[in-house]
């Protein structure tokens, strides 16, 4: 138990930072951080030691965040009965949210996850592909898509 407490103190800040970048809401990121460590405690026997423990922990964080984003998207789509036809499908109101973090949060889930993991966290496309269960080429395409959208939105 003491070792796990030390691990929490050492890694919780990094897990929280990743969760915040992926989720965009501080309270949700705090909750997700707690969930990650509870899940790590329960699944510690599944850690095979093939990578650093922190890498495994970040993978848990990414997977939980993406699961939540998928659920949120599904709930939104299920509860939406009619869309405002006057707005373009990818309308972005950057008058009220000009900074990069706001634009990143507007990216599609997959593109945002790849952008955060590659550009901010510094992971390779191979690591990202394995973590997200996608092909390496898909990771590269999602990164390209994210950069293209950000450039488009931030230059408007």
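In UniProt numbering, the protein residues as written are 1 to 156. Every residue gets a Cβ at the ideal spot worked out from N, C-alpha and C, and that includes glycine.
For residue 148, the enclosing alpha helix (DSSP H) has its first and last residue at 136 to 155. The residues 104, 107, 143, 146, in chain order, have a CB closer than 7 Å to that of residue 115 in the same chain once the five nearest residues on each side in sequence are set aside. In summary, residue 36 is buried, with 16 or more beta-carbon neighbours lying within 10 Å of its beta-carbon over all protein chains present. Of all alpha-carbon atoms in 33, 27, 25, the one lying nearest the alpha-carbon of residue 10 is that of 33. Under the DSSP assignment, residue 48 falls outside any alpha helix (DSSP H); it carries neither an H nor an E label. Under the three-pair Cβ rule at 8 Å, the stretch 46 to 53 does not count as touching the stretch 23 to 33. According to the DSSP assignment, residue 125 belongs to the alpha helix (DSSP H) that extends over 125 to 132.
The beta carbon of residue 69 sits closer than 6 Å to the beta carbons of 109 from its chain, once the five residues preceding and following it are set aside; these are given in chain order. Boundaries of the alpha helix (DSSP H) harbouring residue 31: 26 to 42, taken from the DSSP string. For residue 23, the uninterrupted alpha helix (DSSP H) run begins and ends at 2 to 23, by DSSP. DSSP places residue 107 in the coil class of the three-state scheme, outside both helix and strand.
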